[in-house]
Structures are given as C-alpha cells and as structure tokens.
Amino acid sequence: MERITQYLHQFHFQTRESNIEMLLHCEEKDSTLIKKLAMDWFRSVEKRFSPNLADSEISLLNTLAGENCMVSSTMLEVLFLAEAYQEITNGNYIPLLQKGAPMGLEKAATLEWEVDPAMKSIKLPTHTNIDLRGIEKSWSIKRLAEYMQKNMSLDQGLILAGGDITVWGRSSQKLAPWVIGIQNPWNANAKLGAIAIPEGSLSTYSPFEDKTSSTPGSDVVQCTVAGQDMVECQVWARILCTLGIEEGLAVLAKHTTVCEAVVLSTNQELHYFGREASLNRRWLDMHIDHHHYQDVAS
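According to our numbering, the sequence shown is numbered sequentially starting from 3.
Here is the structure:
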C-alpha cells in the first residue's frame, strides 16, 4: 500500500485470528471511538463464527447437527449468503461438509440444511458441519465499510484483514486511486506488482498458507481477485485456487462479468484474467506470462 497522507488516520489491531489495518479519513477526536467500534465488531464476528472457539455460535450449530438449533439473525444472514454463493458459483463453493470423509472429498453437494426463518432455527444433516471458508470474514469487512460510509459519513477508507481489502472514496472525489501491492509468496520482501483501485475490493488467497485448505492437484500457488463486492472476490479467489488455472478461469468467465484475477502457478508463471484495457492502467508493474481475455486464452 502506498503513501499515507496527513488526512488519513491509520489504525492497527489484532483479533484472535486476524491482523486488522484501516486507513480512514476522519477527525482526530473520533479516532478512539472508531477504533473501539471496529475492534468490537471484528471480535464479535469471531465470537460468533470461529470454529476454533468451542462456545461460538457456529460451533454449537455444528455440535447439534441433526437437531433444530436456534440461531441469531446475523447467523441466518451469513448462511443465506453462503447458500447464494453456492448457487452463484454453480456448486463450487460448498459450505456444508460431510464429517469423516477422505481429505479433498468432504464436499457433498446433495446435502442441505433446513431453515425455519420464522423460528430462526437451522437443522443440519446428521454427521455434517458448516465450514464457511472465510466468507464470514469478507462479509464482516463489507458490513463495517458500509456502516462507516452510511452511518459515520467517512468519505474515504481502506479496511484490510489478512488478504481481504476493501476501499472507497477516491473516484467520487477525483483523487488518485488506492495503490495496493500484491505479495510475492516466494519472497517476503518482493511484490508481484500492484493494483490501482479508487473503489472496490481485493482478495488474495494462497492454499499453502491455509492450514484448513485441501487442494490436491491444484496448480495454483496464489490468486488475487479484484471486483466491487468483497465477498464475491474472496469466494472466487478460493475457488480458483481449488479448481486450478484451466478449470477455475473457465468457471470464473461463465459466472462473473465484473471480477478480474491474477493467478500465480506452481511453475511460477503469472496468468491474467480480465479486460485487456485494465492491464497497465489498473494492474501495475506485472510481468504477465499468459493473458486470458474474457473466456479466451491467448
């Protein structure tokens, strides 16, 4: 990420599972309240959705698989979002897994949970568990950014949690775009390049940095997806890593028209998917080995 001007306040804090960074155009007098609000929000999301916490809401839901379980409105919202992305991605994002299945074969597209919206209850099939695969984190970033813009009138901002970033406020004010560096996974001191975006979101994912990932046979080391919606970018970044370059880019081309991607392969070649006009205007300082414009590879 490039320079921080005097008009932007920098925030940094650690939750149980993430490092959070924010750059916000706000008054000095409001900075303490803003930081507390953000910290409380991310920690409450972890408390609700972390499978690593025995007393989290999602852990309870998984423990009670086979029984009706009362859930919060927040849990319902995220589970409905997960269902939507399962459909949007043609079943390549699957949040419901079969317990005890062999590694890489946990997914079971025929499994569905039962929802009673009136009672706010969920019933998982017996011997299954929900694995949201990061969708709850990208959702939390998106929700916080929306709140800061609509309820706090913060006209410029950047929120980063792990590999997920959302930014706003540069196009409406005709300012220089945010410039965000993309890490080289083989060299902590180097970048693959950068992306310039005035508004929107970016998600970078590497299965080799994710202890919960199982991507047997994938030829992808790291994937960065840029678009407008934080959740959409995060979901597609993971899917591309799971499916591999050929199948992943083919699926992406069929199901989204707004996302662009840079994919690093195991043989250290860089693939670009997106509009030709975006190269050298949006994606900067990148040596692209293979260009995939729309659904045609060159």
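A virtual CB, placed ideally from N, CA and C, is assigned to each residue, including glycine. Quick caveat, the model's predicted, so the values are computed rather than measured.
CA-to-CA distance, residue j to residue i, given in whole angstroms
| i | j | result |
| --- | --- | --- |
| arginine 283 | alanine 263 | 14 angstroms |
| histidine 129 | glycine 68 | 8 angstroms |
| histidine 257 | phenylalanine 51 | 27 angstroms |
| glutamate 108 | asparagine 131 | In this predicted model, glutamate 108 has a pLDDT of only 48, less than 50, meaning its place in the structure is not dependable enough to derive any value. |
| lysine 144 | isoleucine 36 | 16 angstroms |
| tryptophan 115 | lysine 101 | 14 angstroms |
| glutamine 88 | tyrosine 9 | 41 angstroms |
| asparagine 21 | alanine 147 | 16 angstroms |
| serine 2 | serine 46 | For the chain, the structure presents residues 3 to 300; residue 2 sits outside this window and is missing. |
| alanine 40 | methionine 154 | 12 angstroms |
| tyrosine 139 | methionine 150 | The residue asked about is misnamed: residue 139 is lysine in this sequence, not tyrosine. Going from the Cα of lysine 139 to the Cα of methionine 150 covers about 17 angstroms. |
| glycine 276 | valine 265 | 11 angstroms |
| tryptophan 43 | lysine 31 | 20 angstroms |
| tryptophan 188 | lysine 38 | 35 angstroms |
| lysine 176 | tryptophan 170 | 12 angstroms |
| tyrosine 295 | serine 203 | 20 angstroms |
Other residues of its chain near residue i: CB distance less than 8 angstroms, five sequence neighbours each side excluded
| i | result |
| --- | --- |
| leucine 286 | Val181, Gly195, Ala196, Ile197, Ala198 |
| asparagine 92 | Val253, Lys256, His257 |
| asparagine 269 | Asp221 |
| glutamine 12 | Ile6, Glu23, Met24, Leu25 |
| proline 119 | Leu78 |
| lysine 193 | Gly183, Ile184, Gln185, Asn186, Asp287 |
Same chain, Cβ closer than 6 angstroms to residue i, five either side skipped, listed in chain order
| i | result |
| --- | --- |
| serine 173 | Pro200, Glu201 |
| methionine 288 | Gly195 |
| arginine 301 | Not covered by the structure: residue 301. The range shown for the chain is 3 to 300. |
| methionine 77 | Glu59 |
| leucine 281 | none |
| serine 33 | His11 |
8 angstroms Cβ cutoff met for residue i and residue j
| i | j | result |
| --- | --- | --- |
| glutamine 236 | isoleucine 137 | yes |
| isoleucine 241 | glycine 250 | yes |
| isoleucine 184 | valine 222 | no |
| aspartate 133 | proline 179 | no |
| histidine 27 | leucine 156 | yes |
| aspartate 291 | glutamate 278 | no |
| tyrosine 207 | cysteine 243 | yes |
| serine 205 | aspartate 231 | no |
| leucine 25 | glycine 164 | no |
| alanine 239 | threonine 259 | no |
| leucine 162 | glutamate 29 | no |
| arginine 70 | leucine 245 | For the record, residue 70 in the displayed sequence is asparagine; it is not arginine. Not closer than 8 angstroms, so no. |
Residues near residue i by beta carbon distance below 7 angstroms, same chain, minus five either side
| i | result |
| --- | --- |
| valine 73 | Glu59, Leu63, Lys122, Ser123, Ile124 |
| tryptophan 141 | Val80, Leu83, Val233 |
| alanine 267 | It is worth fixing the name first, because residue 267 is serine in this sequence and not alanine. Closer than 7 angstroms at the Cβ level, and outside the excluded window around serine 267, lie Asp221, Val222, Val223, Ile247, His273. |
| serine 61 | Pro53, Leu55 |
| valine 117 | Ile124 |
Unbroken alpha helix (DSSP H) run spanning residue i, endpoints
| i | result |
| --- | --- |
| histidine 27 | Run containing histidine 27: none; DSSP gives neither H nor E here. |
| methionine 41 | 33-51 |
| leucine 63 | 59-65 |
| isoleucine 241 | 232-245 |
| glutamine 224 | Taken as a continuous stretch (DSSP letters only), glutamine 224 belongs to no alpha helix (DSSP H), being part of the beta strand (DSSP E) at 222-229. |
Beta strand (DSSP E) segment containing residue i, residue limits
| i | result |
| --- | --- |
| threonine 206 | 202-207 |
| tyrosine 9 | No beta strand (DSSP E) holds tyrosine 9; DSSP gives it neither H nor E. |
| glycine 183 | 180-186 |
| lysine 122 | That residue, lysine 122, is in no beta strand (DSSP E); it is neither H nor E in DSSP. |
| threonine 17 | Here threonine 17 belongs to no beta strand (DSSP E), and DSSP marks it neither H nor E. |
| threonine 168 | 166-170 |
| alanine 84 | Per DSSP, alanine 84 belongs to no beta strand (DSSP E); it is in the alpha helix (DSSP H), 75-90. |
| glutamine 100 | 98-100 |
| asparagine 189 | 189-199 |
| asparagine 70 | 70-72 |
In DSSP terms, what residue i is bridged to
| i | result |
| --- | --- |
| methionine 154 | Methionine 154 is not bridged to any residue. |
| phenylalanine 2 | One cannot answer for residue 2 here, as it falls past the ends of the chain, which runs 3 to 300. |
| threonine 128 | None, per the DSSP bridge assignment. |
| leucine 286 | Ala196 |
| isoleucine 161 | Met24, Thr168 |
| leucine 113 | DSSP, once it has assigned bridges, lists no residue as partnering leucine 113. |
Near the ligand GDP: residue i beta-carbon under 7 angstroms from a heavy atom
| i | result |
| --- | --- |
| isoleucine 90 | The ligand GDP is absent from the structure shown, which contains no ligands of any kind. |
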